[in-house]
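Since the structure comes first, as structure tokens, the remarks are kept for the end.
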Amino acid sequence: MKHALIDPDRLFPADPTTRSIARTLYKQVAGLPIISPHGHTQAGWFARNEPFPDPATLFVQPDHYVFRMLYSQGLSLDELGIGQPKIAEPRKVWRIFASHYYLFRGTPTRMWLDFAFSTLFGMEKRLSAETADEYFDAISAKLKTPEYLPRALYDRFNIGALATTDSPLDSLADHQAVRDSGWKAKIVPTFRPDPVVDADYAGFTDNIAKLGEQTGEDTASWTGYLAALRKARQRFIAMGCTATDHGHPTAQTADLSKNEASALFAKIVSGTSNAAEQELFRAQMLTEMAAMSLEDGLTMQIHPGALRNHNRRVYKKYGRDVGADIPSPTNFVHAMRPLLDRFGNEAKLTIILFTLDETVYSRELAPLAGHYPSLRLGPSWWFHDSPEGMMRFREQVTETAGFYNTVGFNDDTRAFLSIPARHDVARRVDCAFLARLVAEHRLDESEAVEVARELTNGLVKKAYKL
Amino acid sequence: MKHALIDPDRLFPADPTTRSIARTLYKQVAGLPIISPHGHTQAGWFARNEPFPDPATLFVQPDHYVFRMLYSQGLSLDELGIGQPKIAEPRKVWRIFASHYYLFRGTPTRMWLDFAFSTLFGMEKRLSAETADEYFDAISAKLKTPEYLPRALYDRFNIGALATTDSPLDSLADHQAVRDSGWKAKIVPTFRPDPVVDADYAGFTDNIAKLGEQTGEDTASWTGYLAALRKARQRFIAMGCTATDHGHPTAQTADLSKNEASALFAKIVSGTSNAAEQELFRAQMLTEMAAMSLEDGLTMQIHPGALRNHNRRVYKKYGRDVGADIPSPTNFVHAMRPLLDRFGNEAKLTIILFTLDETVYSRELAPLAGHYPSLRLGPSWWFHDSPEGMMRFREQVTETAGFYNTVGFNDDTRAFLSIPARHDVARRVDCAFLARLVAEHRLDESEAVEVARELTNGLVKKAYKL
Amino acid sequence: MKHALIDPDRLFPADPTTRSIARTLYKQVAGLPIISPHGHTQAGWFARNEPFPDPATLFVQPDHYVFRMLYSQGLSLDELGIGQPKIAEPRKVWRIFASHYYLFRGTPTRMWLDFAFSTLFGMEKRLSAETADEYFDAISAKLKTPEYLPRALYDRFNIGALATTDSPLDSLADHQAVRDSGWKAKIVPTFRPDPVVDADYAGFTDNIAKLGEQTGEDTASWTGYLAALRKARQRFIAMGCTATDHGHPTAQTADLSKNEASALFAKIVSGTSNAAEQELFRAQMLTEMAAMSLEDGLTMQIHPGALRNHNRRVYKKYGRDVGADIPSPTNFVHAMRPLLDRFGNEAKLTIILFTLDETVYSRELAPLAGHYPSLRLGPSWWFHDSPEGMMRFREQVTETAGFYNTVGFNDDTRAFLSIPARHDVARRVDCAFLARLVAEHRLDESEAVEVARELTNGLVKKAYKL
């Protein structure tokens, strides 16, 4: 099918030999099911299966990639309808977005959106002030049809597995509802314990208490708290969960004695801990989580390095996740050592490391993953989840860690409609990288085909046990 | 016009498709006027409009890019005539330079010089020991003709605006003289307050006193000092100034209370401050300057990260700016926070950030500029003001910050004759980058034309209000 | 000669114009003798000239690049026969390796091995579980023939000079035996004093005592210790040594007064020093070594930044050099200053800097080497000794430091049979980089030929005085 806004050769190198190889490789993986082991879609969408609302609510307001760029150029978050109450009229928001769509030139957001506009909604002219209403009307109309309901799109996207990200306190009722509905789809939760291990998290003390209630354990004591976490993990596992996720400010780990850990926990739950103690507690909890993963088999994801809510005024007015998270320098080689001293050599444990600091790709992550049996490298992440970012990841990691210590692609998205676009970009960039290796006689084409399939499907299934 | 030393396709990718697109884009911007918003040329050249002296004095002795490379290979600064008194005979210096010209292979200096030799002086053979005298004679002869006087070259270079960099204590008499001469050229000063805000700057205490005399304010008091700076800025603005520039060792900012700042200032002017207090004072002054910029509209440039005068012996003997400034790791994400907490959300304020530490492009600068309305990204700078450096800047910044949070090119040069060469390199690299996006179907060619024009002229005029 | 496993155009860019230039350049350097100024081959191999044992002992067990990848994917070091006693049967080890050879796709190890398999042993099918025995038998048979004895291979490899790396305590008897044998080969030792300057080195105190015995100096005193080092250097120089090598955890240098240094040394040899004192002593010793180099002319190599034995369990069981060394962030700009303050301006001193932290290429190393007459840049090293790593080195270093502040290639290998493959990769990548400069009209082809020859042979001979 021909699409006006996107070219079938997009993201392939211009050199004809390399492009031709990239095309051949891409053909082998283009039709493979999407395995999405890490993201922020909502199980509730599929449980309820209600129509998505208008284009502004769908494409602009939930996507921090979109509104942070608009904000950086002087538009106010209020006029974009960000925050509560959402008073902005959707069509007006859409027109503002459309008339500033040129700002996204050269960004992955532009590629993701054009893909959706083109393949899902059949748009043929670039979004702009002139085409704003045409887009709004066409998309609005289609969203009301059965073919655009969440479950229909899930099937249309050829998704083989989809993991959400959930608090240990989540009832998982939406996941249960999807299961009960009889609809055949592999949608599983991910255990993200930040709200109950990070004392700096809003509502931490209440969360600990609630965890106790939910599990019937005494979470005021260190042993009761650990037992509660074990039970919560089992509850997630029963719902198909195969992985945990840890979004700490740093990659620091610790390996305290039981007495030290118990005393630290007492300080933490007393509400009198300082920043250093909270950091040490998060560090210790990564090691505790690794211990539990060794028991129950959950794959562990560590996503460190985001300085959350850098913009205090925006955070105060609009809350979390409004685009003001900024990466910061991240050390793994010293920080991960306490955990690795205990569990690094466990081949049955899988710990996937992510970074927002690209300097560690070749210096720390590839050497660590190229040695420790427990370690794997997550794909380029967040700001680096882009054609150039993905290419830098492969170029800087492969020579030391190889392909087989990586785990395929994460879309990590809150924007359900961007999932096929994001996976398509990842597949194309991987094929472009492999095509260069083939064109430069560093890999046979038949090997590249095998690797392309592994990067698309094989490695992710293995690492995440999906 | 054909030039023997430079090829019309230089810096365009070799792949024919991409090269052809790059050519098309370049044609659209090659003839645009040069906007040079940041550099170290001297207003006095244009005020006096006297001939430039011989080739050695013009090309070798003022250009730290040139003599640092020669020095690194064992030539002495004395034999190059660097420092006082300049006893070296120009022709001898030129011969040394010519016979070591091969050292510059692969460097931007070589490209800049060949451009000038070829387009300005019509040289057809590469500079070498053999051609040294031929060059020296040809260039010397031309420099004496009216066509090579500063104003004639300014016009020939098609410069639309040129900013110098000036101390707050500068009388700006040369700028006044240019204005008074009736010659139509847009040459404006830039307000660089380092000599009066950096207590580590040579002559700081005297500078403060002189600032007081010039402005009629009591610069012994914190409020008088701030008032004096305000007046000095107004004096610059009257002469066309649109921007300030801040060359601090780090990007640290601070936001002290009025009492704290006042006490710190007292310590600083007393001459008893330690290094930490001086750093805190510079940090505070960045925030004060931002406050004044919000009042008077001057765009703010922050150029941190140079460890000045790394080579103590060379500094002791030859003074500042003799090639021994070395970049050092630079943090923005924590350092800029105090200033951003106060002014980061001001869309009317423009703060342009530069770095000598390329690791911050994708990790810190692009995410910050892709969020805060007040922030823009300066081009790749100094050591990175080169084809590979410029390409890394675009590749690492664009996907997160887009093109529209950048501000075009700065030549930042003390070498007037290199200005067209430097801008030409920047235009070519930008076109090469855009051509790849087009060839890989990430941008339409018509969009790339628009962006190329913005990168060349539009964004710089807007950011610097020129 | 045609080789099934390796293509004559490998590592050349796919664009036909650039590839054609790369081929032309490569032809000029492909046949030049190998100068190997830094590595870990054993003089004893050439002294004794005995056959290399079986393929597993030759290719798998001594090569940490090989077994760290296998270990990272869950294979045990015991089944690979790593460590003592080597109980694993070589053919079994080889089969394991062969069946996991696909793990090395995209790595330089794969390129090096295929080169040896193909050019030395005439293998025509890729190594795999299916071809494992065929390889084992063919290689085993050839290793027993005279053409595969160490000296025959040295000659066949066209090695012009080969430096080993040796403790100051080494008798150099093997080097003497090579000389005494009458065989014409330039095999020289390198003076690596880590065992007697690093108090954290196993056996440090005994080493100091042994140094005293060997030299007849009182190494319990600071002056005696320095005198002993001078004598040991002279002993190495008598055996052809032209360089020292320093593998410190950091690049820290110091310049203590004689009294301070003497007191620090007393603390160090007393065995009561703490980590900070040991670091300061290593730092001081770099400066002392530079002072001695200025006297005796030995070129100095500084290889900082490896965190040795990161995996404590593996270290405890298997000892040093078992693949668990991990790079860590490395600072040069502040760390090298004490040494540079004293000796940086000495054009007769050559200090070659290496890094495992690529972020310093453009930020610190190129600016430092592009200024200080004593400094040169070593090639990309260890984890970065790879096609992408070498290309990043040239791209990030050349524009500031030029080509002539670099020193050619180091193979740094323990795997003798990989030497031709490694040098071939380096020559090809350099030619590919130069070809791009030529294709983009940044360098004339005739200049590129000159530079290619310098990068292959000229600069290394000059920097290492070989």
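Protein chains in written order, with the numbering used here: chain A, -9 to 456; chain B, -9 to 456; chain C, -9 to 456.
In this text, a Cβ means the ideal position worked out from N, Cα and C, and glycines have one as well.
Small disclaimer: the values here were computed from a predicted structure and weren't measured.
| Once you ignore the five residues that flank D132 (chain A) on each side, which residues in its own chain have a CB closer than 8 Å to its CB? | Note on identity: in this sequence residue 132 (chain A) is Lys, with Asp being the wrong assignment. Here the set comprises L110, F111, Y138.
Quiz item: Q268 (chain A) lies in the alpha helix (DSSP H); which residues open and close that run?
Solution: Segment 265 to 286, the alpha helix (DSSP H) holding Q268 (chain A).
Does the beta carbon of A20 (chain A) come closer than 7 Å to any beta carbon on chain B?
Answer no: the Cβ-Cβ gap between A20 (chain A) and chain B never drops below 7 Å.
- CB of P23 (chain B) within 7 Å of CB of V450 (chain B), strictly: No, the pair does not count as a contact, with Cβ atoms beyond the cut-off.
Any chain C beta carbon closer than 7 Å to F393 (chain A): Between F393 (chain A) and chain C, the shortest Cβ-Cβ separation is below 7 Å.
Q | For I194 (chain A), the nearest candidate out of A:S247, A:F255, A:G379, A:T289 (CA to CA) | A | In the sequence on display, residue 194 (chain A) carries Phe and not Ile. Of A:S247, A:F255, A:G379, A:T289, the smallest CA-CA separation from F194 (chain A) is found for A:F255.
For Q224 (chain C), does the count of other Cβ atoms within 10 angstroms reach 16, so buried, or fall short, so exposed? Q224 (chain C) comes out exposed.
Delimiting residues of the alpha helix (DSSP H) encompassing D420 (chain C): Its alpha helix (DSSP H) spans residues 409 to 429.
| request: Give me whichever residues DSSP pairs with H293 (chain A) in a beta bridge. | output: Note: H293 (chain A) sits in no beta bridge, so no partner.
Near E354 (chain A), what residues of its chain come up, given a Cβ to Cβ distance below 7 Å and the 5 sequence neighbours on each side ignored? For E354 (chain A), where only same-chain residues beyond five positions count, the Cβ hits under 7 Å are F322, V323.
I11 (chain B) to A425 (chain B) span [Cα, whole Å] = Within the model, the alpha-carbon separation for I11 (chain B) versus A425 (chain B) is close to 5 Å.
Reference I258 (chain C); option with closest CA among C:V83, C:A151, C:N197
Of the residues C:V83, C:A151, C:N197, the one whose Cα lies closest to the Cα of I258 (chain C) is C:N197.
Inset, instruction - Report the partner residues of V178 (chain B) according to the DSSP bridge assignment. - result: Answer is B:A153, bridged to V178 (chain B).
For this session: Scan the region 37 to 60 of chain C for residues whose Cβ lies nearer than 9 Å to a Cβ of chain B and list them as they occur along the chain.
Result: Taking 9 Å as the Cβ-Cβ cut-off against chain B, none of the residues of the region 37 to 60 of chain C qualify.
Cutoff 8 Å; reference V168 (chain C); Cβ partners in own chain excluding five residues on either side: If we look at V168 (chain C) and ignore the five residues flanking it on each side, its Cβ neighbours are A33, F36, A37, A175, I177.
Exercise. Taking a cut of 8 Å between CB atoms, which residues from the region 418 to 449 of chain C lie near chain B?
Worked result: Listed by position, the residues of the region 418 to 449 of chain C near chain B (Cβ gap below 8 Å) are R426, L427, A429, E430, H431, R432, L433, D434, E437, E440, V441.
(message) Using a 10 Å radius around the Cβ and a threshold of 16 neighbouring Cβ atoms, would you call N148 (chain A) buried or exposed?
(response) It counts as exposed.
- Message: Pull the bridge partners of L93 (chain B) from the DSSP assignment, please.
- Response: Its beta-bridge partners do not exist; DSSP assigns none.
(message) Closer than 7 Å between beta carbons: that is the criterion. Which residues of the region 63 to 86 of chain B meet it against chain C?
(response) Result list: Q63, G64.
Practice prompt. Give the straight-line distance between the Cα atoms of C231 (chain B) and V387 (chain C), rounded to the nearest whole angstrom.
Written response: Cα to Cα, the separation comes out at about 36 Å.
Practice task
Taking only beta-carbon positions, decide if I316 (chain C) is within less than 7 Å of chain A.
Solution key: Interface residue, yes.
Helix, strand or coil at T396 (chain C) according to DSSP, with G and I counted as helix: The answer is strand: DSSP assigns T396 (chain C) an E or B state.
TODO: Could you pull the start and end residues of the alpha helix (DSSP H) that H461 (chain B) belongs to?
DONE: The structure shown does not extend to residue 461 (chain B), since chain B is modelled only from -9 to 456, so the question has no answer here.
**Selected residue, minimal CA-CA separation from G398 (chain C), among C:S408, C:R384, C:A405** = The candidate whose alpha carbon is nearest that of G398 (chain C) is C:R384.
Outcome for G261 (chain B) when other beta-carbon atoms lying within 10 angstroms are tallied against a minimum of 16: Classification for G261 (chain B): exposed.
Practice prompt. Can you pull the chain B residues whose beta carbon is under 7 Å from the beta carbon of A359 (chain C), in chain order?
Written response: Those are S62, listed as they occur along chain B.
Query raised in the report: In the structure shown, what three-state DSSP assignment does H374 (chain B) receive?
Result: DSSP places H374 (chain B) in helix when its eight states are reduced to three.
Between I(-4) (chain B) and F87 (chain B), how many whole angstroms is the CB-CB distance? I'm expecting something under 8 Å.
Not really, about 19 Å apart at Cβ, beyond 8 Å.
Spell out the partners DSSP gives H236 (chain B) in its beta bridges. As DSSP reads the structure, H236 (chain B) sits in a beta bridge with B:I292.
Residue span of the alpha helix (DSSP H) that contains L67 (chain B), given as start and end = Here L67 (chain B) belongs to no alpha helix (DSSP H), and DSSP marks it neither H nor E.
Does any residue of chain A bring its CB to less than 7 Å from the CB of G302 (chain C)?
-> Checking the sequence shown, residue 302 (chain C) turns out to be Arg, not Gly. It does: the Cβ of R302 (chain C) has a partner Cβ on chain A nearer than 7 Å.
query = Is I25 (chain A) helix, strand or coil by DSSP?
reply = Secondary structure of I25 (chain A) (DSSP, three-state): strand.
Q) In three-state terms, what does DSSP make of P317 (chain C)? A) Assignment of P317 (chain C) by DSSP, reduced to helix, strand and coil, places it in the strand class.
Consider the Cβ of T349 (chain B): report whether some Cβ of chain C lies at a distance smaller than 7 Å. T349 (chain B) belongs to the set of residues whose beta carbon lies under 7 Å from a beta carbon in chain C.
Inset, instruction - Using a threshold of 7 Å, state whether the C-beta atoms of H431 (chain B) and R418 (chain A) are closer than that. - result: Going by C-beta atoms, H431 (chain B) is not nearer than 7 Å to R418 (chain A).
Mapping DSSP to helix, strand and coil, what is L343 (chain C)?
Reduced to three states, the DSSP call for L343 (chain C) is strand.
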